[in-house]
Amino acid sequence: MKSAREWSASLSQHEARPDVELVTGRGGEPTLRVDEVLLHSQYKPREEAARLVDSAQLEPGRPVLVIGVGLGYHVLELLQRGFDVSVVEPDASVAKFAVEGLLRDSTILIGIGDPAEIGHSPTFRDITAGVPQVFVHPPTARLHSRYSDAIQSQLARVRIADRRLGVAVVGPMYGGSLPIAQYLARAFQRMGHRTLYVDNSAGWPLYESITGSVASKRASAQLSGMVANLMSEWSYARVSEFAPNLCIALAQAPVGNQWPLRLARENIVTAYWFVENWRHMTYWNEIAPHYDCFFHIQPGEFEDTLVKAGCRHHAYVQTACDPEVHRPVELTPEECVTYACDVSFAGAGYRNRNMLFSGLTDYNFKIWGVEWTARELQRLVCKPDRRFTPEDFAKIVAGSAINLNLHSSATHDGVDPRCDAINPRVFEIAACGGFQLCDPCIGLDTLFDLEAELPVYRTLAELREKIDYYLANDEERRAVAQAARRRVLREHTYEHRAQQMLDVILERFADRIESKGIRAQRSVAEVADTVGRETELGRYLSGLPADLPFTQEAIFARVPLMGTALSHPEAVFAYLREMRTSAEQLLAEFADG
7 MKSAREWSAS
17 LSQHEARPDV
27 ELVTGRGGEP
37 TLRVDEVLLH
47 SQYKPREEAA
57 RLVDSAQLEP
67 GRPVLVIGVG
77 LGYHVLELLQ
87 RGFDVSVVEP
97 DASVAKFAVE
107 GLLRDSTILI
117 GIGDPAEIGH
127 SPTFRDITAG
137 VPQVFVHPPT
147 ARLHSRYSDA
157 IQSQLARVRI
167 ADRRLGVAVV
177 GPMYGGSLPI
187 AQYLARAFQR
197 MGHRTLYVDN
207 SAGWPLYESI
217 TGSVASKRAS
227 AQLSGMVANL
237 MSEWSYARVS
247 EFAPNLCIAL
257 AQAPVGNQWP
267 LRLARENIVT
277 AYWFVENWRH
287 MTYWNEIAPH
297 YDCFFHIQPG
307 EFEDTLVKAG
317 CRHHAYVQTA
327 CDPEVHRPVE
337 LTPEECVTYA
347 CDVSFAGAGY
357 RNRNMLFSGL
367 TDYNFKIWGV
377 EWTARELQRL
387 VCKPDRRFTP
397 EDFAKIVAGS
407 AINLNLHSSA
417 THDGVDPRCD
427 AINPRVFEIA
437 ACGGFQLCDP
447 CIGLDTLFDL
457 EAELPVYRTL
467 AELREKIDYY
477 LANDEERRAV
487 AQAARRRVLR
497 EHTYEHRAQQ
507 MLDVILERFA
517 DRIESKGIRA
527 QRSVAEVADT
537 VGRETELGRY
547 LSGLPADLPF
557 TQEAIFARVP
567 LMGTALSHPE
577 AVFAYLREMR
587 TSAEQLLAEF
597 ADG
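Everything in the sequence shown is counted per our numbering, starting at 7 for the first residue and increasing by one.
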């Protein structure tokens with residue numbers, strides 16, 4: 007945004023469109039005609055401007071953001087009444103006539119063109135901080151019906167950009183997206199948002215037990231649907247009760263097609279994070295159009311397909327790492343015996359991995375994971391009947407000089423040249439401090455330097471050559487690993503992805519979020535500042551992590567049991583915890599009885 011004087015200079019070479027015409031009104035004063043629509047009265051435009059301002063019933067003393075500059079009659083009227091005025095205008099041709107005419111000597115700030123560009127300018131943020139009231143120029147609204155809504159959405163976005171929102175994350179019962187859901191929920195929580203994680207993993211043993219106990223495929227399918235519906239209803243009840251501003255469901259979450267529609271009736275913005283390969287898992291086609299935002303990990307062809315499927319808003323959001331989980335660890339001597347090796351791979355035994363890795367059996371090579379079928383690899387597979395945990399994974403990386411990564415394929419013998427679904431292991435190995443050799447999945451070069459941070463291979467021969475080279479060059483290998491770790495911590499954590507999602511959601515749905523209202527959630531540091539850090543409560547809260555949410559759950563979890571030596575604040579919180587527990591038990595007994 008720039009002043010009218012600055013715009014006058016920068017628009018001097020702008021050639022107004024033929025359909026934007028300056029005409030002399032019947033009262034002798036100029037007006038503008040745009041596409042046969044008059045922006046001001048032909049008779050008495052100044053009196054018309056006064057009537058418009060009167061009808062707006064603006065609050066004295068508060069700044070005004072005008073949407074639509076016209077020739078500026080209404081802007082001058084506002085200035086004469088003492089308002090602090092800023093203007094946004096969709097049409098540069100209209101703005102040219104205004105800043106070269108009635109507003110040529112004005113210093114008011116004007117933004118011209120795209121609402122998103124205006125909304126992201128520092129000047130617009132400063133204007134929004136003044137909590138302006140909006141004045142919409144009616145003829146501009148007729149010509150640009152969506153512009154006013156877009157600008158007001160930008161106002162809402164800026165107003166709530168630094169607010170702590172209510173966020174619900176709904177995870178699956180099982181599978182690779184389960185830990186990702188947990189990482190995402192923790193990221194929102196660490197960012198200070200009021201966060202609910204709906205953990206559906208408790209339903210998996212029930213699902214397996216029920217569906218595995220009957221031989222009939224038809225009965226098994228019916229029962230599995232009933233369990234999934236039960237988990238969906240339970241998830242809905244929890245989210246509805248939590249009343250978040252937005253809800254993000256992860257791939258394979260047990261929610262039906264009606265899920266986002268039900269939440270929309272409660273004015274909850276819905277999103278789905280499809281962290282799977284769209285070519286292999288095609289259920290996205292049934293759900294993508296129903297969500298406010300559909301996040302995915304494969305840009306390009308998939309995005310075009312989503313548009314054809316009727317998906318209104320989609321965005322590419324890659325997976326990442328959680329530095330609290332994916333971090334370097336020190337191995338004990340006993341663990342070194344288990345994990346130490348020159349080369350390792352951690353993951354499931356897809357066809358291409360079985361085929362390619364069969365050419366590496368002469369190395370000190372350890373494989374971790376399930377479903378490995380190649381006879382040549384059996385002696386290399388560690389604990390073949392058990393899936394490894396995130397804790398195991400950090401130790402695998404720590405014990406390996408070289409960590410291999412190969413994106414899965416059921417149709418190739420080695421590297422899939424069309425692969426564009428980058429797996430989380432790329433980020434997790436780097437965050438754990440490991441050196442990694444990876445196949446060049448499409449898009450990888452936009453996330454890492456493929457020489458200094460993440461060397462790649464395309465064939466078995468190239469892979470063997472790079473294994474030999476980096477095993478012989480320890481210092482270079484460590485430098486590459488350190489560079490990759492710096493990159494992921496700087497750009498590829500789940501906090502980065504959570505913020506990316508919020509940016510997309512707020513860009514489109516800030517007004518809906520603001521209209522629902524945002525329940526305040528303060529950190530213990532903010533409460534300590536409020537009550538005074540020199541008070542007894544303030545001193546106690548100052549000893550807790552500064553970003554810990556000031557909620558019953560968070561505080562109660564850190565208070566020792568009754569009967570131990572407690573400070574006065576601890577004793578009060580412990581008493582409140584006991585009262586809550588007793589009340590919940592009484593309610594449960596009443597419900598059972």
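Virtual Cβ for every residue (Gly too), placed ideally from N, Cα, C. These figures come from a predicted structure and were not determined experimentally.
Membership of Pro185 in the alpha helix (DSSP H) is indicated by the continuous run Ser183 to Arg196. Annotated three-state conformation of Tyr278 is strand, per DSSP. Following the DSSP letters along the chain, one finds Pro51 in no beta strand (DSSP E) but inside the alpha helix (DSSP H) bounded by residues Pro51 to Ala62. The DSSP assignment places 252-256 as complete runs of the beta strand (DSSP E) inside the region 246-275, in order along the chain (cut-off: 3 residues). The shortest C-alpha to C-alpha distance from Gln304 to any of Arg496, Ala270, Leu184 and Asp426 is the one to Asp426. In the three-state reduction of the DSSP assignment, Leu443 falls in the strand class, which pools E and B. For Thr217, no pairing in a beta bridge is given by DSSP. DSSP, read as helix, strand or coil, puts Asn411 in strand.
Around the beta carbon of Tyr297, 16 or more other beta carbons sit within 10 angstroms, so the residue counts as buried. Ranked by how close their Cα comes to the Cα of Gln488, the residues His80, Ile116, Pro36 and Ile435 have Ile435 in first place.
A direct Cα-Cα distance of roughly 6 Å separates Asp205 from Gly177. In this structure, DSSP gives His302 an extended state, which the three-state scheme calls strand. Apart from sequence neighbours up to five positions away, the residues of its chain that approach Pro575 with a beta-carbon distance below 7 Å are Glu542, Leu543 and Tyr546, ordered along the chain. Close CB contacts of His418 within its chain, under the 7 Å cut and outside five residues either way in sequence, are with Asn358 (chain order).
Using a Cβ distance threshold of 9 Å, Asn411 and Val432 count as a contacting pair. Put simply, the backbone Cα of Arg492 is about 20 Å away from that of Asn479. Of the residues assessed, Val40 falls on the buried side of the cut-off, its CB having 16 or more other CB atoms within 10 angstroms. If you check the CB distance, Gly117 and Met197 do not come in under 9 Å. By the Cβ criterion, the region 157-166 is in contact with the region 120-128, since at least three pairs of Cβ atoms, one from each stretch, lie closer than 8 Å. The continuous beta strand (DSSP E) containing Glu27 extends over residues Val26 to Thr30. In the assembly as shown, Arg539 is an exposed residue. Its beta-carbon has fewer than 16 other beta-carbons within 10 Å. Counting of Cβ neighbours within 10 angstroms places Pro555 among the buried residues, the total reaching 16 or more. It is roughly 21 Å from the alpha-carbon of Ala62 to the alpha-carbon of Tyr49. In the three-state reduction of the DSSP assignment, Ala478 falls in the coil class. Between Ile428 and Leu450, the beta carbon gap of about 6 Å places them in contact (Cβ cut-off 8 Å). Ile373 carries a strand assignment under DSSP once its states are collapsed to helix, strand and coil.
Look at Lys401 here: in three-state DSSP terms it is helix.
If the five residues before and after Leu58 are omitted, its C-beta is found closer than 6 Å to the C-beta atoms of His80, all from its own chain and listed in chain order. 9 Å or more divides the Cβ of Ile473 from the Cβ of Ile402. In this chain, the beta strand (DSSP E) harbouring Thr37 covers Pro36 to Val40. DSSP places Asp348 inside the beta strand (DSSP E), whose first and last residues are Cys347 to Ala352. Straight-line measurement puts the Cα of Gly78 at about 10 Å from the Cα of Val93.
Under the three-state reduction of DSSP, Leu44 is assigned to strand. Ranked by Cα distance from Pro250, the first of Ala270, Leu45, Pro211 and Trp240 is Ala270.
Distance between Pro144 and Glu83, taken at the CA atoms: about 15 Å.
Looking at the DSSP output, Thr499 bridges to Cys327.
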